[in-house]
Each structure stands twice: as C-alpha cells, then as structure tokens.
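Taking this note's numbering, the leading residue of the first sequence gets -3, the next gets one more, and so forth. Note that CB positions come from ideal geometry on N, CA and C, so glycine has one too. Since the structure comes first, as structure tokens, the remarks are kept for the end.
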Amino acid sequence: MRAYTFLGDVLKTAVNRQGLDWPDKAGIEPPKDKAHGDLASNAAMILAQKAGMPPRELAGRLVEEVMQAGPMVSKAEVAGPGFINVFFSNAFWQQTIPEIQEKAERYGCGQWGAGTRAQVEYVSANPTGPLHIGHGRGAAVGDSLARILRAAGYEVSTEYYLNDAGRQMNLLGRSIWARYQQVCGRQVPLPQDGYQGEYILDLARELFAEQGDGLLSEQEDQAVTTCREWGVERILTGIRADLEAFRVEHQVWFSEQSLVRSGAVDKTMRGLQDSGLAYEQDGALWFASTRFGDDKDRVLRKSDGELTYFASDIAYHADKFARGIDLCIDVWGADHHGYVPRMRAAVQALGRRGEDLQIVLIQLVNLLRKGEQVTMSTRSGQFETLADVVSEVGADAARFIFLTRKSDSSLDMDLDLLKEQSMDNPVYYVQYAHARICSMLAKAGERGVQAGPADDEVISRLDTEEDLDLLKMLERFPETIQGAARTLSPHHVSFYLLELAGSLHRYYNRHQVLNCGDEHLARARLHLMLSVGQVVQNGLHLLGVTAPRAM
RNA sequence: GCGCCAGUAGCUCAGUAGGAUAGAGCAACGGCCUUCUAAGCCGUAGGCCGCAGGUUCGAGUCCUGCCUGGCGCGCCA
C-alpha cells in the first residue's frame, strides 16, 4: 500500500510538471513478471497523444523524475511500448516490519469507507426449518463481508430480516399441528403443500413432550396459532444456534411483522401513491417500477387486499435508510436475481441512488455425497443442514471453501471428498503456516532468543529473494482488503492468504530462522516471522477462520 | 420467447478498474526430513481462456452475434 500511494504521488507530480493531468484510465499495478519491477504504470502510453510525443519519450521524462524521488526507488526504467517500471529498494520493503508491529491487529485496516454507514443484511431465511448448506454460504459471505468492510473503515451493522408475517408461517403452524395430532394418535392428513420434513415431526414430538396432549382440546385456530408461535420460536432458536456454531453474528434481528403492525408498510405505500409512483388498477395497487428501468410494474397489494412481500421489503429498506444507513448490502440467493431490478427501482423511488443498494448474489451450492448430488428442498425435507455439515467438516473448512471462490459462481461441494481429503484442504495450508510460525516462536522462547527492537540495523538483514518476496506480500495486505471491500468479494482475502502461506512455506524450506548460525540474522528473521504470523492472523480473522497455534 | 450468471490445464477454481511470456491447488510423474512441524518444499508435464467477428498501441478482461450449462421470469412466497 505504501508503495502504491508513494509512487502515485510521485508520478502525478511528474505528470503535472509536464503540463498534463493524471488520466483516470491510468493505472499503477504490480506487473506479472518480476523482471518488470515492483510497480508499473501505463500513464505515458495513455498521455502520449495529448503530450504530442511518442509514449517512450514521455515515459523517459517521467522516469527521470521518479529517479529523483529519493532512496526508496532503486531503479526506474522505460520498457516495452512505454511502460514505466519502478523498483523499490530493500530498505523500503523492510520498513513494512515496524509498520506491522506498530499496528498489530489493525495492520491492513484503512479509512477508505470512513463516514459511510453500511449495513449487511444476510441469511434472512424464513423461520420454517433449519438452515441448509446454501444458507451457510450466504452466512459465510455476509459475515466475512461485514468484517472486511469494518477493516476498510466503514461503520458496519449486520442484520437478519425475519419474514415472520407471511402465509408460510401459517403453513408451518398447520404442518406442526397435523404432526402433533398424529403424535397424539389421531388419523389426520398433512396439509397440502405443507412441510413434509422429518424435523416437523421432531418438533411435534417435542411439543408433545413439553405440553402433553392439552392442545387437542383447543379450538383448531387457537391450536394452529400455538403451534405456529411455538414452532417459530423453536426453529429460530435452532437457527441462532447454527449460526453461532458457524461463528456468524447478526447484531439486529428485524421482524417483518413489526413493520406491518406499526403501520410502516401502509405508510410507505401511501408515500409512493402520493408521489405518483404507485397506482390502483384492476383492484390491486401497483408500483411503477418501469420508471426506474424494471421490465414491468409490480404488485404491492393484491386485489384480495393482502400485501405482497415486495411491499414490506420496500418498507423495510425505507426503514433502513431512515435509520441513517448510507449503503445497504443485501446478500441474496442467486435464484432471486430477477428481484434485483424492482428492488433497486424501489430504492430510487425512495429518493436514493440506485447504487445505495448493493446486492451480492450467492450462487447455488451443489452438495455431493460420493459424487452424487444431494437434492435440496425445504418443502420435501430432503436437505443437508448447515449444522450437519459444520459438525462433519468443521466451521473452518466450510467457511474457507465458501470464501475461496467468487460468490457469484456455483459451487460443487463433495462432503465425502472434503472429509477424506481434509488434510489437503486449502484452509489447512494457511493454518499450517500460522502454526509453524507459532512453533518457531515457542522454540525461540525456549532457547531464550529475543527478537528485540525492529530497528533498521536488524531488519536490513532481510535481504534474500525469499525475504523480499515475503516483505512484498505483507506490504500488499492493506490494498487486498481495500480491493475486497470495493468489489464486495471476500475471496480476494482467501487467495491472498494462500499466496502468503505459500511464500512462508517456501521460506521455511529454504532458510533457517533460529538455526541460521548468526544471532543477529536470527533476530531479523524472527521479526519477519512475527509479522507474517500477524498478517495471517489478521487475514483469517476477516474470514472468520481460526488461526491455531499448533496443529 | 425474454433476462441474469457461468464457460480458463484431466478435476476444482483465481485472474484485482483493458497491460508485457495466462496462474494456483488437486490428480500424474521425479526428487527433498541426523537441523526451527514433510498437513511442507523443489522440479517435470499439462492451455485455439466456449466459437466467430469488432473496438485499440494492447483483449481471458470491453461491444455484437452464436453455442453449451445453471437459475429466474405470476395479483407465488
């Protein structure tokens, strides 16, 4: 990060001295090939025409200025069609060590999102059954996203939206009621379209164990209500426990029912009507979402008087904005992608910019057992619960798998493979790096070796190719966080950690830390290990994965 | 029919705001433990980046068309 900002300043000044402005399209980035420097810029190629000289000539002038920038730059050159390649001095990279030690667990954090109140809403599964593995993926992404955004300086809150007002809730009540009666010995059919799952029967048995057959004497309506309320509470308790076991936290649990009851939904509907964005037709109330680019207008209140989910979703988002949230990030299952245009339209109708709502779509998790797909449907009750998977493969492995690919591509997850090859699971590769470092530090402690202060004299000994490789990796951590926050993509952090762990393992196999035969060198390398350990820890924390001290 | 997402090594996937000779892990093959954790390291092999055009100094990345797979299109929830 230091390298990037430093060179950015230098180059911009140099460009200005040529009487030019820094072009938006210009980039400064690390080249793929190390021989092309630590950072390279294409600015000269973009500005050549405007400057009225060939790209290489302009690049040459800029390079001269970069060379004057001080001892941090060891070399700058013109390359290829007009790239400016810049090499930094070892001393520059070595300064990363004291920076990490000073910032410790805050290293990598920045202020890019300062002043923005962001809210991440995720999971938000209907409380009609246990969480399945698909919810788990959304949970991992949402939770990690919140951590990353906090690290990037946003003021972040997390929330679970509870759809506790719809018809599904009634269906749940009736399903439990039917099962309950069966448990009591009555011959009753399950409701049509009811929940078939085994867990409904479990719930009914539990209810019976708790309250006996007392419900049988109640009125049907009353009994169904009791079953529903008891069932929702029971299921929610389970969901909370599942999320906790998965190390996922929601600060706020927001009830849809509370919105309906407070009249907030009606109020929002009236507001839309007043501003001419909602209208009555064929006995229904419609939202004119086509005005904001949606394919067709959408129903808010059906002709039978019932509100659609969409209506409360709009009121819910209005409520979010009213609470002072600047940026709403909704994590949804990708099967809801058709819903995106109307939700964004609604946000604009509320007087917000479309981009104040960001929707992260989570693609399907194809769960496999022995290579065969496990079909999933809450209704039929055939699914793999998050809790089962977590207890089988562990929260760390599950989270890491979810966070090691773009959320927008579907994921094949073979549980048997994941278990059998658990030793080859990438999460262990990263954790092993941390454990290795801890082991070295422990050994250093036993031998009475102290790292001491990380002054220039000490860290200047970190000068091999592998030292610099690690130092450069460490220096890149802050911009990794920034990039992950900007693109709402936790997987960038995972891939960074895999790369960092790789560099550490390579280092370990090539250089001795404690046994290198030189007390000063050992101290320098100890500092390097401390820093790598810190960054691995910080990175894993962003993923919600533990950093074990021993494996 | 329309829309969204995906198509990159045998498999699972990266590829960051177009950049230089396209990467990693697994699987395969060959090496490395009297030394701080071999859950590791080093090496070899493996590619018309779905296909065809276009934009420009330059395309895996942007545009158009097509092919294949997944998902979605309701006064459902």
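query: By the three-class DSSP mapping on this structure, what secondary structure does residue -3 have?; result: coil
query: In whole angstroms, what is the alpha-carbon distance linking residue 545 and residue 431?; result: 5 Å
query: Assuming residue 309 contacts residue 365 under a Cβ cut-off of 8 Å, what Cβ separation, rounded to an integer in Å, is found between them?; result: So it is not a contact: roughly 35 Å between Cβ atoms.
query: With residue 16 and residue 47 assumed to form a contact (beta carbons below 8 Å), what rounded beta-carbon distance in angstroms separates them?; result: 6 Å
query: Please state whether the Cβ-Cβ distance between residue 396 and residue 541 is less than 7 Å.; result: yes
query: Between 484, 525, 87, 20, which has its C-alpha nearest residue 539's C-alpha?; result: 484
query: Just grab the DSSP bridge partners of residue 71 for me.; result: 83
query: Could you check what DSSP says for residue 111 in three-state terms: helix, strand or coil?; result: coil
query: Just grab the DSSP bridge partners of residue 533 for me.; result: In the DSSP output, where bridge partners are listed per residue, residue 533 has none listed.
query: With a threshold of 16 other CB atoms inside 10 Å of the CB of residue 333, please say whether the residue is buried or exposed.; result: exposed
query: Just mark residue 380 as buried or exposed, buried being the case when its beta carbon has 16 or more other beta carbons within 10 Å.; result: buried
query: Distance, Cα to Cα, residue 345 vs residue 269?; result: 11 Å
query: Can you look up residue 242 in the DSSP assignment and give me helix, strand or coil?; result: coil
query: Cα-Cα, which of 223, 194, 189 is closest to residue 204?; result: 223
query: Would you tell me roughly how many angstroms separate the C-alpha atoms of residue 426 and residue 499, rounded to the nearest one?; result: 11 Å
query: Beta strand (DSSP E) containing residue 325: first to last residue?; result: 323 to 329
query: In the DSSP assignment, what residue or residues form a beta bridge with residue 156?; result: 249
query: Is the distance from the Cβ of residue 119 to the Cβ of residue 150 below 7 Å?; result: no
query: Would you identify the three-state DSSP class for residue 280, choosing helix, strand or coil?; result: strand
query: Give the C-beta separation of residue 77 and residue 43 to the nearest angstrom, bearing in mind that I take them to be a contact with Cβ-Cβ under 8 Å.; result: That pair is no contact at about 13 Å.
query: Looking at the secondary structure, which residues open and close the alpha helix (DSSP H) in which residue 478 lies?; result: 473 to 482
query: Three-state secondary structure (DSSP) at residue 4?; result: helix
query: Could you check the C-alpha separation between residue 145 and residue 325 for me, to the nearest Å?; result: 11 Å
query: In three-state terms, what does DSSP make of residue 37?; result: strand
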